[in-house]
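Here is the structure we will look at.
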Amino acid sequence: MKKLLTYICMLAFAASFTSCEKEIMDYEGVDGLYFDVRWGKDFRSPDQWAHQYYTPVEFGAMTANTYTAQVRVTTSGTIKDYDRPFSITIGKDSTDAVAGRDYVDFSKDYVIKAGERYAYIDITFNRTPEMVDDTLTLQLKLEPNEYFTCPFTNYEDNTKYDLPETFYGYNHDATYHKIVVNDVMVRPDGWWGQNGLGSFGSFSRKKWLLMMEITNTTVEDYADMKIMPMGRAGAIAEALARYLLEQAKKGREYAVLEDDGTMMHCPTVNTIDPNAWKYGDTPDDYYNK
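Position 84 of the sequence shown, counting from 1, maps to 85 under my numbering, and the rest follow consecutively.
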């Protein structure tokens, strides 16, 4: 009886293995197509970067008014000696970026050329007022056809290396890829100061734009503290402080205010003029004292 049970179990295992092997063979017989966008730490080689569900276009971190994002599409299976076309569609329910306004309309039909495994989709985005207070999205979707399936709906990365970024969400389905675009200016890594202290004091979009205008610098100059060392930051802070003091001395109507109505401030203002306004002061606090 035990021998019979053992034989039955062996047959069941063999059948399941044969079925599994057949599924793999069937799968290998059909080429797959998926979005293969990767980015990560600079010190890693590109083949170690994580697969990313989205591509960020952040105009707040650049001076250019247009930017071309490149999205890579990769095929699994064997390389072929003939061209294989494929198409993408735009996920209308998940897209609020507008063609002709936020991005330049682009082709939806592409080709994996003979002898190649990749194709690239280039999309040019425009800086628009709609991006200042919002993040817009353009979602792309691969469509299966006679040449390709889209099998990677639960894509997993090798966690030995960088994990995928999730700030703008994450989806394991590599049939989809989204491009997120905004013009939100966040405090850069090269910003010296916070909470009213340091060379630049508290960060604000308005202050940063004014600093760049006064000192003829760009957002790239504030990328990190190697590009913006303390000495350079001190010189920029002094230029800003002298401008703010000059404007304030012209009269209340010329004083530079933050969006919350307080006087724009950096600590060097008080270094140059100890009687000037403090961080957080309103025009009433300064002109009526």
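The beta-carbon is built from N, C-alpha and C at its ideal position, and this holds for glycine as well.
**Prompt:** What are the complete alpha helix (DSSP H) segments, minimum 4 residues, inside the stretch 198 to 269?
**Reply:** 206 to 216, 231 to 251
**Spatial neighbours of W278 in its chain, beta-carbon cut-off 8 Å, leaving aside the 5 residues before and after** = A249, M264, H266, V270, D286, Y287
**Prompt:** E157 by DSSP, collapsed to three states: which one?
**Reply:** coil
**Request:** Determine the closest residue to V38 out of P268, P284, M229, I122, with distance taken between C-alpha atoms.
**Result:** I122
**Request:** For the alpha helix (DSSP H) containing P284, list its first residue and its last residue.
**Result:** 284 to 288
**Request:** Could I get the ranges of all uninterrupted beta strand (DSSP E) runs contained in the stretch 34 to 70, with 3 residues as the minimum, in chain order?
**Result:** 34 to 36, 55 to 59
**Prompt:** So the beta strand (DSSP E) A120 belongs to, where does it begin and stop?
**Reply:** 119 to 127
**Message:** Spatial neighbours of K179 within its chain, please: C-beta separation below 6 Å, excluding the five flanking residues on both sides.
**Reply:** Y55, T138, Q140
**Residues sharing a beta bridge with D110, DSSP** = S88
**Message:** I'd like the list of long-range same chain contacts for T366, defined as Cβ closer than 7 Å, with 5 residues on each side in sequence excluded.
**Reply:** For the chain, the structure presents residues 2 to 290; residue 366 sits outside this window and is missing.
**Request:** Could you work out which residue in T216, D184, G202 is closest to A62 when comparing CA atoms only?
**Result:** D184
**Asked** Span of the beta strand (DSSP E) holding V182?
**Response** 177 to 183
**Exposure of L143, with buried meaning 16 or more beta-carbon neighbours within 10 Å** = buried
**Message:** Is the beta carbon of Q53 closer than 8 Å to that of P145?
**Reply:** no
**Prompt:** Are three or more beta carbon pairs between the stretch 127 to 135 and the stretch 71 to 78 nearer than 8 Å?
**Reply:** no
**Request:** For M150, name the three-state secondary structure that DSSP assigns.
**Result:** Per the sequence shown, the amino acid found at residue 150 is Thr instead of Met. In the structure shown, T150 sits in a strand (DSSP, three-state: E or B).
**Asked** Where N289 and D260 are concerned, what is the direct C-alpha to C-alpha distance, given to the nearest angstrom?
**Response** 21 Å
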